[in-house]
Structures are given as C-alpha cells and as structure tokens.
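In our numbering, the protein residues as written are 25 to 242. Cβ atoms here follow ideal geometry from the backbone N, Cα and C, with glycine treated the same way. This report concerns only the one structure given below.
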C-alpha cells in the first residue's frame, strides 16, 4: 500500500465520511490524483461512498471506510477475546461476564486515577486521559467546544469484543465519569456500535450541564 493510500485510510478513520476536496488538500494532491487512489481502495473493498445533497446543485460524494477498511487498524487479539467471552458466558453465564467487566473497570479506574493524579486542571486531566487512551489504541483526542470538550476516539481496538458484550461500552462511560470527577457531566454523543463513525464523549462542567438540561446517557 502506498503512503498516499495509507494516509487516506487514516484520514477517513479520523474524520468519518469526507468529500474529495478536503482529502486532496490534506494530502497536497490534485482531486484527480486522490480520486484514483480512492477508486483503487474501493476495488479492494476498503472504502465506500454515499452521495449527500446539501442544498441546490449536484450532491456531494462523501467517502468512508468499509468494515474491511476499519479492520486495517487491528482489533487487539480479536479471536482470543471473543473465545474468552464466549467461554466465560458458557461456563459462568451472564453473572460471570458482569463480574469480569466489573473487575476490568476497577483495574482501569485505579490505573487511570494514578496516572491523572498529577493533573493540575480539568483540561490537563482530559489531555492526559486522551493520551492514555491513545496509547491503548483508541486514537483518542480532545476537542474544545461551546459546552466544554469532546473526548473523541476514532478507533476501538476492542470493537469485536464490545459488539459481543455491550457491557464493555457501558463500563467505559462509567469509567470516564469516575476518573473525571463530580465537577463534570460526561455523556456519549457518538457511538461506533450505533452506526457512528467513531465514539465521542461530551464533557461538560456541571454548572453548564445543569443550565442546558439533561442529556441521554446512551
């Protein structure tokens, strides 16, 4: 795979569905050149597209990763993880799975709290959390927004396991709430397993959160 096609895959992973011009600008290539790379990736089954109408005129073609494209980024010993989940479910049932998820939660919470202890402010704490998650393979980053911040994860290295065992996703939301503290409200605004192109978490200071009304925890 060429450097350009590899960069296209990374851009689509980070940005989700994207039209041709921004891709060409990011790669410093002509739109014709990027289109040729995209068609090759489409032939390989790594990307797909949809035409979106945004006002009058011709619809805009947005390119995005296919399932095979997402798998190019790896899934942390996927087969073994699924086998272990199935084995625990068979041997110990739902209670066994719940105990395993709870154990993982407490392990991660202890690790994260120890690492974040040196943070002197909430923004610094968020950046350190994103760095931790990035090191774990989540391609995490923080975006400042009107209500606070977005913790964005462009990749899920445990996606196959999370799809089989949705409790893992629920515990991740609980984990972020636990390590970021009571002065913020954390809600999931995008979910990879619910047709999203990524997972994203809205982090809002509690004063702003109470004034804007309740949000969904899903």
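Going by other Cβ atoms of all chains shown within 10 Å of its Cβ, with 16 needed for buried, is residue i buried or exposed?
{"i": "residue 42", "result": "buried"}
{"i": "residue 219", "result": "exposed"}
{"i": "residue 119", "result": "exposed"}
{"i": "residue 196", "result": "buried"}
{"i": "residue 226", "result": "buried"}
Quick check: residue i and residue j, are their CB atoms within less than 8 Å of each other?
{"i": "residue 152", "j": "residue 137", "result": "no"}
{"i": "residue 105", "j": "residue 182", "result": "yes"}
{"i": "residue 198", "j": "residue 116", "result": "no"}
{"i": "residue 83", "j": "residue 72", "result": "no"}
{"i": "residue 79", "j": "residue 33", "result": "no"}
{"i": "residue 154", "j": "residue 164", "result": "yes"}
{"i": "residue 47", "j": "residue 35", "result": "yes"}
{"i": "residue 61", "j": "residue 29", "result": "yes"}
{"i": "residue 156", "j": "residue 224", "result": "no"}
{"i": "residue 208", "j": "residue 135", "result": "no"}
{"i": "residue 88", "j": "residue 40", "result": "yes"}
For residue i, collect the residues of the same chain with a Cβ closer than 7 Å to its Cβ; drop the 5 residues on either side in sequence, then sort them by chain order.
{"i": "residue 217", "result": "186, 187, 193"}
{"i": "residue 162", "result": "177, 179, 180, 181"}
{"i": "residue 110", "result": "none"}
{"i": "residue 55", "result": "44, 45, 48"}
{"i": "residue 240", "result": "Here residue 240 scores only 42 on pLDDT, less than 50, and its place in the model should not be relied on; the value that follows carries that caveat. The residues are 211."}
{"i": "residue 214", "result": "220, 222, 223, 224"}
{"i": "residue 237", "result": "Here the model assigns residue 237 a pLDDT of 44, short of 50, so the residue's position is not dependable and the matter cannot be decided."}
{"i": "residue 31", "result": "51"}
{"i": "residue 107", "result": "none"}
Have a look at the options and flag the residue whose alpha-carbon is nearest the alpha-carbon of residue i.
{"i": "residue 26", "options": "111, 51, 127, 120", "result": "51"}
{"i": "residue 203", "options": "212, 226, 149", "result": "149"}
{"i": "residue 38", "options": "226, 230, 231, 222", "result": "222"}
{"i": "residue 69", "options": "160, 95, 31", "result": "95"}
{"i": "residue 59", "options": "81, 159, 86", "result": "86"}
{"i": "residue 191", "options": "77, 127, 81", "result": "127"}
{"i": "residue 97", "options": "114, 201, 230, 184", "result": "184"}
What distance in whole Å lies between the Cβ atoms of residue j and residue i, which are believed to be in contact at a cut-off of 8 Å?
{"i": "residue 228", "j": "residue 171", "result": "5 Å"}
{"i": "residue 121", "j": "residue 189", "result": "6 Å"}
Give every residue of the same chain whose Cβ lies closer than 6 Å to the Cβ of residue i, excluding the five residues on either side of it in the sequence, and list them in chain order.
{"i": "residue 132", "result": "199"}
{"i": "residue 234", "result": "Note on residue 234: pLDDT 48, under 50, position unreliable in the model; the coordinate value appears next. Around residue 234: no qualifying Cβ."}
{"i": "residue 173", "result": "150, 166, 227"}
Among residues of its own chain, excluding the 5 on either side of residue i, which ones have a beta-carbon nearer than 8 Å to its beta-carbon?
{"i": "residue 158", "result": "164, 165"}
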